[in-house]
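> Numbering (this note's numbering), first residue to last: 12 to 312.
Just so you know, even glycine gets a beta-carbon here, dropped at the ideal spot from N, CA and C.
Pasting a structure here, questions to come.
Encoded structure:
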């Protein structure tokens, strides 16, 4: 591959060398490379981009070398962060009950419970910001306010990415799409922010998180509560006097509830609990893919 003569060429070659890698990794690599190249160029104002890049290729590395370094580092980091692997279970019962031993299951459950709070915050922030932006658009402070608001939206996307990666195990960007120190003028950078599809997909994600958060929280709390209540049926029966006028019917005739009914409810509760854990883990995987598609820059792919 030819030696790049401009920063844009270097970044394009780096993107090509990382083709097929995780889009979040590509976004981080492009950010780091551009930030380093811009800093090198700023420190040597009398040097042309071509001369600076010729020097950088020998120190920072050629695009292919940098891409290989990032791939190797990513493998090491993911190995270090990955939870201990759960034993493979071949039986149906083992796979069904083994979900409780998967750390991602509990991370997803915590995310489902947290999603209501974050969903409300994101929704209020997005709707309030859009409303105020529309109202201020006729005033002189309109454009600065909109730029500030969109900047906070992009910052919140990085915070959400950290939450998703920590709890759901989905690789998310650790850097913004592009560094703050850029050769572009202020107006050009503002234009880039408005034209970047990720700005608007992130805003959509923040609004979408309210209904998703309500669904996640309601399903998780309701199913877990019912499961625990059913599991505790024998204990409730032990300490509670059953009115003789109360009857129950399992399809085999009405009768006064007894120990058999309590233990049957307990078994149903245990099964429902593990069904809930499977559902929570599936919802966590789905949420991770939603975040991946809406919060990661598509230009990095």
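1. Verify whether the separation of the beta carbon atoms of residue 110 and residue 299 is less than 8 Å.
2. At 3 residues or longer, what runs of the beta strand (DSSP E) sit wholly inside the stretch 146-203?
3. If the criterion is Cβ atoms closer than 8 Å, does the pair residue 112 and residue 291 meet it?
4. Please work out which residues of its chain come closer than 8 Å, Cβ to Cβ, to residue 294, disregarding the five sequence neighbours upstream and downstream, and give them in chain order.
5. Just the Cα atoms here: how many angstroms apart are residue 199 and residue 176?
6. Go through the stretch 74-130 residue by residue and report every complete run of the alpha helix (DSSP H) that reaches 4 residues or more, in order.
7. Checking 8 Å against the spacing of the C-beta atoms, do residue 218 and residue 134 come in under that value?
8. Using a Cβ-Cβ cut-off of 6 Å (strictly less than) and excluding sequence neighbours within five positions of residue 220, which residues of its own chain qualify?
9. Buried or exposed for residue 287, going by 16 or more other Cβ atoms inside 10 Å?
10. Which residues in the same chain as residue 305 place their Cβ atom closer than 7 Å to its Cβ, once the five residues preceding and following it in sequence are excluded?
11. Is residue 233 buried or exposed, if buried means 16 or more other CB atoms sit within 10 Å of its CB?
12. If you drop the 5 nearest sequence neighbours on each side, which residues of the same chain put their C-beta closer than 8 Å to that of residue 144?
13. When the Cα of residue 19 is compared with those of 307, 105, 45, 86, which residue comes out closest?
14. Of the residues 284, 207, 209, 250, which one's Cα is nearest the Cα of residue 235?
15. Taking 8 Å as the threshold (C-beta atoms), are residue 35 and residue 184 in contact?
16. Taking only beta-carbon atoms, is residue 270 less than 8 Å away from chain C?
17. The alpha helix (DSSP H) with residue 55 in it runs from where to where?
18. Find the nearest neighbour of residue 297 within the set 271, 273, 224, judged by alpha-carbon distance.
19. Output the distance between the C-alpha atoms of residue 208 and residue 202, rounded to the nearest integer angstrom.
20. Considering only their Cβ atoms, is the gap separating residue 16 from residue 48 smaller than 8 Å?
21. Put residue 30 into one of helix, strand or coil per three-state DSSP.
22. Taking just the CA atoms, how far does residue 206 sit from residue 165?
23. Taking buried to mean at least 16 other C-beta atoms within 10 Å of its own C-beta, is residue 67 buried or exposed?
By the coordinates alone:
1. Position 99 of the chain shown, counted from the first residue, corresponds to residue 110. Position 288 of the chain shown, counted from the first residue, corresponds to residue 299. In this structure, residue 299 does not lie closer than 8 Å to residue 110 by Cβ.
2. none
3. Working through the chain shown from its first residue, we reach residue 112 at position 101. Working through the chain shown from its first residue, we reach residue 291 at position 280. Going by C-beta atoms, residue 112 is not nearer than 8 Å to residue 291.
4. Numbered from 1 along the chain shown, position 283 holds the residue referred to as residue 294. The answer, listed in chain order, is 119, 123, 227, 230.
5. What you label residue 199 is simply residue 188 of the chain shown in a count that begins at 1. What you label residue 176 is simply residue 165 of the chain shown in a count that begins at 1. Each residue's alpha carbon lies about 32 Å from the other.
6. 74-92, 103-108
7. Counting from 1 along the chain shown, the entry for residue 218 is found at position 207. Counting from 1 along the chain shown, the entry for residue 134 is found at position 123. Yes, Cβ-Cβ distance for residue 218 and residue 134 is below 8 Å.
8. To locate residue 220, count along the chain shown from 1; it is residue 209. Counting only Cβ-Cβ distances below 6 Å, and skipping sequence neighbours, we find 130, 133.
9. Indexing the chain shown from 1 puts residue 287 at position 276. Flag for residue 287 reads buried.
10. Stepping through the chain shown from its first residue, residue 305 is reached at position 294. Answer for residue 305: 212, 213, 215, 216, listed in chain order.
11. Position 222 of the chain shown, counted from the first residue, corresponds to residue 233. Exposed, because fewer than 16 other Cβ atoms sit within 10 Å of the Cβ of residue 233.
12. Looking up residue 144 in the chain shown gives position 133. Answer for residue 144: 153, 156, 157, 160, listed in chain order.
13. Within the chain shown, the letter at position 8 stands for residue 19. Checking every option, the nearest Cα to that of residue 19 belongs to 45.
14. Taking the chain shown and counting its residues from 1, the one referred to as residue 235 is at position 224. Answer by Cα proximity: 284.
15. What you label residue 184 is simply residue 173 of the chain shown in a count that begins at 1. What you label residue 35 is simply residue 24 of the chain shown in a count that begins at 1. Against a cut-off of 8 Å, the Cβ pair of residue 35 and residue 184 comes out as a contact.
16. Checking the listed chains, one finds no chain C in this structure; it contains a single protein chain.
17. The residue given as residue 55 occupies position 44 in the chain shown. No alpha helix (DSSP H) contains residue 55, which DSSP labels as neither H nor E.
18. Position 286 of the chain shown, counting from 1, holds the residue named residue 297. Checked all of 271, 273, 224; the closest Cα to residue 297 is 224.
19. Working through the chain shown from its first residue, we reach residue 208 at position 197. Working through the chain shown from its first residue, we reach residue 202 at position 191. The alpha-carbon atoms of residue 208 and residue 202 are separated by roughly 12 Å.
20. Looking up residue 48 in the chain shown gives position 37. Looking up residue 16 in the chain shown gives position 5. No.
21. For the purposes of this step, residue 30 is taken as the residue at position 19 of the chain shown. Reduced to three states, the DSSP call for residue 30 is coil.
22. Here residue 165 corresponds to residue number 154 of the chain shown, with the count starting at 1. Here residue 206 corresponds to residue number 195 of the chain shown, with the count starting at 1. Cα to Cα, residue 165 sits roughly 14 Å from residue 206.
23. In the chain shown, counting from the first residue as 1, residue 67 sits at position 56. It is buried - the Cβ of residue 67 has at least 16 other Cβ atoms within 10 Å.
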